[in-house]
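See below for the structure under consideration.
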Amino acid sequence: MRHTSVVAETPEPSPSPDIDPDADRGDPLLAAYLERRTNLVRFLAARAGSLAVAEDLVQELYFKLAARDRGQDIGAPVALLYRMALNLMLDRARGEARSVARDTAWRQTAHAEVGGVDVADEPPADEAAASAQRLRQLVAAVAELPPQAGRAFRLHKLEGLSHAETARAMGLSVKAVEKHVSAALKALTARLGRRADA
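At the far end of the sequence shown sits residue 193, using my numbering, and the numbering has no gaps.
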């Protein structure tokens, strides 16, 4: 019986469409990059565990190289190139670790844990839907109030104005505003109470 072994091959890294092949003229670092781009992708993919991440890092490396001051004398461009690639990978890993730590801290403050399971503080979906329906009913009921009672109710109860501030805004006495708000509350209670019983 013959045994055949299957070797998983890493897909060939694709050439970057944004790279200008003439950009390496007089720049040993860009020349080294263009010459070793495929090897850089493989090098980073082996360390990052992802070809897509490696491609992103190598593309980012190119942009760093193209934007840098080219007046510096570079003694060992290949060594510098690989060191820059590793630094980019480490920067990305640190950023991801910070993001995970931030998310974990948020989850610890925003969630409770019961028996080792995260429990969200949000209400169940049926309660949220019922609350939304009650709010729609309240808005509709307020819209049907007599104009003065509706305005007094909105200013005092919804916008948070005091009775005196509501009276000034409406050009009424405080006593009149109190009567309008009281009448609005009675009407809303009667109407919404009927709907809740129905």
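Yeah, the Cβ is synthetic: ideal placement off N, Cα and C, and Gly gets one too.
List, from N- to C-terminal side, the alpha helix (DSSP H) runs of 4 residues or more that fit wholly inside the segment 149 to 185. 158 to 165
Contacts around alanine 182, its chain only, beta-carbon distance under 8 angstroms, and the 5 residues preceding and following it disregarded: By the criterion of a C-beta distance shorter than 8 angstroms, alanine 182 is surrounded in its chain by Ala136, Leu140 and Ala144, once the five residues flanking it on both sides are discounted.
Look at the alpha carbon of histidine 101 and the alpha carbon of valine 95, and state the distance between them as a whole number of angstroms. First, the amino acid is wrong: residue 101 is tryptophan here, not histidine. When rounded, the separation of the alpha-carbon atoms in tryptophan 101 and valine 95 is 10 angstroms.
Can you find the residues in the same chain that come closer than 6 angstroms, C-beta to C-beta, to arginine 65, ignoring five residues on each side of it along the sequence? Asp22
Beta-carbon gap between alanine 162 and valine 169 smaller than 8 angstroms: yes
Distance, threonine 99 Cα to leucine 24 Cα: 40 angstroms
Should phenylalanine 148 go down as buried or exposed, given a rule of 16 or more other Cβ atoms within 10 Å for buried? buried
Please list, in chain order, all residues of the same chain as leucine 75 whose beta carbon is under 7 angstroms from its beta carbon, the five residues on each side excluded. Leu24 and Ile69
Select from Glu50, Ala43, Arg42 and Gly44 the residue whose C-alpha is nearest the C-alpha of threonine 33. Glu50
Under 8 angstroms by Cβ, that's how I've got leucine 52 and alanine 80 pegged, so tell me the actual separation to the nearest angstrom. 7 angstroms
Out of curiosity, what's the CA-to-CA distance linking glutamine 132 and alanine 125? Roughly 11 angstroms between the two C-alpha positions.
Mind checking whether alanine 164 and leucine 153 have CB atoms under 8 angstroms apart? no
In whole angstroms, what separates the C-alpha of alanine 123 from that of arginine 146? 28 angstroms
Member of Leu29, Leu130 and Phe58 whose CA lies at the smallest distance from the CA of proline 72: Leu29
Residues near alanine 159 in its chain [Cβ-Cβ closer than 6 angstroms; skip 5 each side]: Val169
So, leucine 83 versus glutamate 55, is the Cβ gap smaller than 8 angstroms? yes
Alpha carbon to alpha carbon, what distance is there between valine 48 and alanine 67? Before going on, a small fix: residue 67 reads as glutamine here, not alanine. Between glutamine 67 and valine 48, the C-alpha separation is close to 29 angstroms.
Within the same chain, show all residues whose beta-carbon is closer than 8 angstroms to that of glutamate 198, passing over the 5 residues directly before and after it, in chain order. Past the edges of the chain, shown from -4 to 193, lies residue 198, and the structure says nothing about it.
Backbone secondary structure at alanine 71 - three-state DSSP: Three-state result, alanine 71: coil.
For arginine 65, the three-state DSSP class (helix, strand or coil): coil
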